[in-house]
Structures are given as structure tokens and as C-alpha cells.
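Each residue of the sequence shown is one higher than the one before, counting from 1186 in this note's numbering. Data first, discussion second: the structure below is written as C-alpha cells.
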Amino acid sequence: YAGKSLNMIILLPDDITGLEQVERAMTYEKLTHWTSLESMREREVEVYLPRFKLEDTFELNLPLKEMGMIDVFKQSKADLSGMAPSRRLFLSKVVHKAYVEVNEEGTLAAAATGSVVVNRSYPSGALFMADHPFLFFIQHNPTNTILFLGKLCSP
């Protein structure tokens, strides 16, 4: 992206039916290696991405409880007094909603930087056409934190 604090990484299998194999082989270590500066270089690439919009909602009560956040969900034990003087506050539900949209404006903003980062093994004069299922990640560059991830099955 133009400001370079965010990065979109697209894992496009060579084979149209290869996404399942990529997902099975994916580990945090492999993703870290594939997206490391040592594995990348800047190169001009003609990029074709489909327009897409993905949206999902996740209830986080169970994952948070499994991580040890139990008392905050119990009216008798929750202490949210830092938010309000009443001791009657507690969490009943925690919901996370994710929304990602890629369109011409997003592609134009990425193209305005004049270069796109691709894996070193990509041939020169490269054309990147995401015309079959792929995984994508939106990464915060200063911290290497993945902010969003998704799978597009029908580009």
C-alpha cells in the first residue's frame, strides 16, 4: 500500500486446485520466511486482482474464556470499575467483525507506489493474475503483525 506501513500478501498456488495443499503445508514459520525481507525484493509487476468483499462475525466468548478471561463474564466476579463506578457491569458477549474490500481504488493505491514486492523466484517481466483461489494477508510492516487474513475461493 502507498504508505508502506501495510502490506497485502497473496499466496496464489501455481495450480488452480492447489489451495488446499498450500493450506495444509502452511505454518507460521513458513509464512514468516516467505514474507521476510531476505526472501523478497522490489520489482515492477503487473497485478490483476478480482474485486472482492469479505465480511464475517466471530463470537469470542469461548476463546477468551479458554485464555483465562473467566471472571469478566460473571456478574458476581467481574470488576469493570475502571470503566464505570457501578460494580454491576460484566461482559455478556464479545463479538469481532472483520471486513475487507479490495477494488479498483485499492489496486490503484497499491500501484501508485510504482513497485510491488514479489518472491525472488518470480520471473522478470512478471504478470501476477489472481484468477483462481488464493489466500491473502494484510500485514502491519513495522511489527510484522497479520491484521487480517482470508481465503478467496471464487475469484
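Every residue, glycine too, gets a C-beta built ideally from N, C-alpha and C. The structure presented is a predicted model; accordingly, all values stated were derived computationally and were not measured.
Burial state of residue i, where buried means 16 or more other Cβ atoms lie within 10 Å
| i | result |
| --- | --- |
| V1280 | exposed |
| L1197 | buried |
| F1243 | exposed |
| T1202 | exposed |
| R1305 | A caution first: R1305 carries a pLDDT of 38, below 50, which makes its placement in the model unreliable, though a value can still be read off. The residue in question, R1305, is exposed, as its Cβ has fewer than 16 Cβ neighbours within 10 Å. |
| M1193 | buried |
For residue i, the residue or residues it bridges with in DSSP
| i | result |
| --- | --- |
| I1195 | F1321 |
| L1312 | E1231 |
| E1240 | Y1284 |
| K1336 | L1320 |
Contact belief for residue i with residue j at Cβ below 8 Å, rounded distance in angstroms
| i | j | result |
| --- | --- | --- |
| L1234 | V1285 | About 12 Å separates the two Cβ atoms, so there is no contact after all. |
| F1321 | E1231 | Between E1231 and F1321 the Cβ distance is about 18 Å, and since that is not below 8 Å, they are no contact. |
| A1269 | D1241 | So it is not a contact: roughly 30 Å between Cβ atoms. |
Proximal residues to residue i (C-beta, below 6 Å), its chain only, five neighbours per side dropped
| i | result |
| --- | --- |
| S1190 | N1326 |
Contacts around residue i, its chain only, beta-carbon distance under 8 Å, and the 5 residues preceding and following it disregarded
| i | result |
| --- | --- |
| V1319 | One detail in the question is off: residue 1319 reads as Phe in this sequence, not Val. Excluding positions up to five away in sequence, the list reads I1195, L1196, L1197, P1198, L1204, K1336, L1337 and P1340. |
Proximity below 9 Å, CB of residue i to CB of residue j
| i | j | result |
| --- | --- | --- |
| F1258 | L1265 | no |
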